[in-house]
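**Q** One structure coming up, written as structure tokens, with questions to follow.
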Amino acid sequence: MREAKQYSRRELFTRFARTQTQVIHEKIVISNTCDNIYGYCESCSDSCQQQAITWLAESKPVVDHEKCTLCKECIISCYISAISIS
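Next comes the structure, spelled out in structure tokens:
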């Protein structure tokens with residue numbers, strides 16, 4: 001006879017209540033308050049070891065979400081807090 005497996009309430013909730021379609025994918029977002037639009041900063045792309053942030057002249061930097069590992073180094077290096085995770 002097969003033994004019944006015991007689950008805690010937390011395991012039951014997290015394992016069986018969530019489906020794969022409910023998984024939220026976080027990503028780095030750079031707001032329009034980025035100083036790079038009006039000047040020259042590049043601190044976020046300098047701090048990114050995966051080189052996931054590309055600096056563009058006179059526009060906000062672009063994040064390559066395939067390369068980004070959500071290490072948050074760009075968030076820490078941005079002195080005006082224009083980068084967040086959504």
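Here UniProt numbering is used: position 73 in the sequence shown is 73, and no number is missing along the way. Where is the CB? At the ideal position from N, CA and C, for every residue including glycine.
Going by beta carbon distance, what residues of the same chain come within less than 7 Å of Cys-41, once the five residues before and after it are set aside?
**A** Same-chain partners within the cutoff: Asp-35.
**Q** Go ahead and label Ala-57 buried or exposed: buried means 16 or more other beta carbons lie within 10 angstroms of its beta carbon, across all protein chains shown.
**A** Ala-57 comes out exposed.
**Q** Could you pull out every residue in the same chain whose Cβ sits closer than 8 Å to the Cβ of Lys-67, ignoring the five residues on either side in sequence?
**A** For Lys-67, where only same-chain residues beyond five positions count, the Cβ hits under 8 Å are Gln-50, Gln-51, Ala-52.
**Q** First and last residue of the alpha helix (DSSP H) that includes Ser-47?
**A** Counting along the chain, the alpha helix (DSSP H) containing Ser-47 begins and ends at 43-47.
**Q** Please report the straight-line C-alpha distance between Tyr-79 and Pro-61, rounded to a whole angstrom.
**A** Each residue's Cα considered, the two are about 15 Å apart.
**Q** Have a look at the DSSP bridge pairing and note the partners of Thr-54.
**A** Val-62, per the DSSP bridge assignment.
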